[in-house]
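**Q**
Numbering (our numbering), first residue to last: 38 to 341.
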């Protein structure tokens with residue numbers, strides 16, 4: 038596929054999930070876990086409306102109106118939503134900036150397959166290096182809507198799948214389907230655009246990070262089980278993200294490498310800090326991120 042064709046494809050698929058009206062049921066399989074969801078999406082002039090609800094396990098529901106998010110979760114809890122997290126839910130998984138993806142992946146049209154009654158084109162996104170995993174997408178050629186996505190692990194095994202089992206694209210939409218079933222509550226939205234440059238942190242020397250990843254955001258965020266906010270650096274290669282968490286070292290914290298369903302985690306002590314890197318990338322990538330962070334001696338005590 039030529040660079041121009043690849044750019045047009047990524048742009049079209051990214052726009053379709055925002056600009057096309059659709060409704061359906063999809064399955065999400067991640068490792069040994071599988072659950073299904075209903076999604077109803079009404080396109081609008083820059084103010085699309087979308088409702089999602091879980092069909093398995095405890096009831097969960099999300100209503101999105103433009104950038105406004107309302108949630109229903111077990112126990113009535115509502116937690117802050119990151120703007121990127123809420124806007125990248127299946128089938129809107131490709132970025133609006135195709136050049137970021139094309140710098141790291143080569144796109145190939147590999148065939149056709151019928152998914153949920155739709156004859157789709159199948160595209161492989163092959164990584165240009167060993168720092169990331171391969172992806173495959175099934176796309177409706179008429180609307181550009183993504184019907185199925187697959188992430189493949191280091192042994193080319195399926196590690197995460199999203200796939201519609203029922204889908205209606207276009208046509209009339211019953212407005213009642215967009216009304217929440219449960220008492221949703223407005224969720225605080227973290228709309229900070231972040232930064233695209235490495236943080237100028239006097240306590241850390243950050244260099245030689247894996248290529249193709251761009252810093253999206255630096256923040257202080259609370260995490261479950263942590264008594265103090267944790268520093269979070271979020272990176273992306275256009276398809277997946279890598280998170281670097283920095284916090285005071287805890288001798289009880291597990292160190293080393295862990296992997297589950299395509300997610301790699303590497304934790305180590307760096308001076309007085311615990312450095313944890315997590316992402317849907319190979320182990321070598323999270324390790325390379327970790328060793329790209331070096332505390333500057335006693336100055337590290339000034340962090341936080």
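For glycine and all other residues, C-beta sits at the position ideal for the given N, C-alpha and C. Keep in mind it's a predicted model, so treat the numbers as computed, not measured.
Take the Cβ of residue 184 as the centre, count every other Cβ of all protein chains shown within 10 Å, and call the residue buried at 16 or more, exposed below.
**A** Translated into positions along the chain shown, residue 184 becomes position 147. The residue is buried, with at least 16 neighbouring Cβ atoms inside 10 Å.
**Q** Report the three-state DSSP secondary structure of residue 327 (helix, strand or coil).
**A** What you label residue 327 is simply residue 290 of the chain shown in a count that begins at 1. In the structure shown, residue 327 sits in a helix (DSSP, three-state: H, G or I).
**Q** Output the residue ranges of the beta strand (DSSP E) runs that lie fully inside the segment 138-221 and measure 3 residues or longer, sorted by chain position.
**A** DSSP runs (the beta strand (DSSP E)) wholly in the segment 138-221: 142-152, 155-164, 171-176, 183-189, 195-206.
**Q** Looking at C-beta atoms only, is the number of pairs between the segment 74-90 and the segment 58-66 that lie closer than 8 angstroms three or more?
**A** With a cut-off of 8 angstroms, the segment 58-66 and the segment 74-90 count as touching, because enough Cβ pairs lie within range.
**Q** Assuming residue 286 and residue 311 form a contact by the criterion Cβ under 8 angstroms, report the distance between their Cβ atoms to the nearest whole angstrom.
**A** To locate residue 286, count along the chain shown from 1; it is residue 249. To locate residue 311, count along the chain shown from 1; it is residue 274. Indeed they touch by this definition, with Cβ atoms about 5 angstroms apart.
**Q** Compare the C-alpha of residue 327 against each of 275, 289, 271, 297 and name the closest.
**A** Here residue 327 corresponds to residue number 290 of the chain shown, with the count starting at 1. The candidate whose alpha carbon is nearest that of residue 327 is 271.
**Q** Grouping DSSP H, G and I as helix and E and B as strand, with all else coil, what is residue 45?
**A** In the chain shown, the residue the question calls residue 45 occupies position 8. Here residue 45 sits in helix by DSSP.
**Q** Ignoring anything shorter than 3 residues, give me the beta strand (DSSP E) runs that lie fully in the segment 239-289, in order along the chain.
**A** If we require 3 residues or more, the beta strand (DSSP E) runs fully inside the segment 239-289 come out as 241-243, 251-258, 267-273, 278-285.
**Q** Between the beta-carbon of residue 110 and the beta-carbon of residue 89, is there less than 8 angstroms?
**A** Counted from its first residue, the chain shown places residue 110 at position 73. Counted from its first residue, the chain shown places residue 89 at position 52. The answer is no: Cβ separation not under 8 angstroms.
**Q** On the criterion of 16 or more Cβ atoms from any shown chain inside 10 Å, does residue 148 qualify as buried, or is it exposed?
**A** Locating residue 148 in the chain shown gives position 111, counting from the first residue. Residue 148 should be labelled exposed.
**Q** List the residues that DSSP assigns as beta-bridge partners of residue 293.
**A** Against the chain shown, residue 293 aligns to sequence position 256. Answer is 304.
**Q** With 16 other CB atoms within 10 Å as the buried threshold, where does residue 223 fall?
**A** Reading the chain shown from its first residue, position 186 is the one you call residue 223. With fewer than 16 Cβ atoms within 10 Å of its Cβ, residue 223 is classed as exposed.
**Q** Using the Cα positions of residue 246 and residue 321, report the straight-line distance between them to the nearest angstrom.
**A** Counting from one through the chain shown, the residue named residue 246 turns up at place 209. Counting from one through the chain shown, the residue named residue 321 turns up at place 284. Going by the C-alpha atoms only, they are around 12 angstroms apart.
**Q** Could one say the Cβ of residue 309 lies closer than 8 angstroms to chain C's Cβ atoms, at least one of them?
**A** Protein chain content of the structure displayed is limited to a single chain, and chain C is not contained in it.
**Q** Mapping DSSP to helix, strand and coil, what is residue 20?
**A** No answer is possible for residue 20: it lies beyond the span of the chain, which begins at 38 and ends at 341.
**Q** State whether the segment 169-185 contacts the segment 273-286, with contact taken as three or more CB pairs (one from each stretch) at a distance under 8 angstroms.
**A** Contact between the segment 169-185 and the segment 273-286 is present, because at least three Cβ pairs lie under 8 angstroms.
**Q** Between 280, 241, 113, 156, which has its C-alpha nearest residue 201's C-alpha?
**A** Within the chain shown, the letter at position 164 stands for residue 201. For residue 201, the nearest C-alpha among the options comes from 156.
**Q** Entirely within the segment 51-107 and at least 3 residues each: give me those beta strand (DSSP E) ranges in chain order.
**A** Runs of the beta strand (DSSP E) inside the segment 51-107: 59-67, 70-79, 86-91, 98-102.
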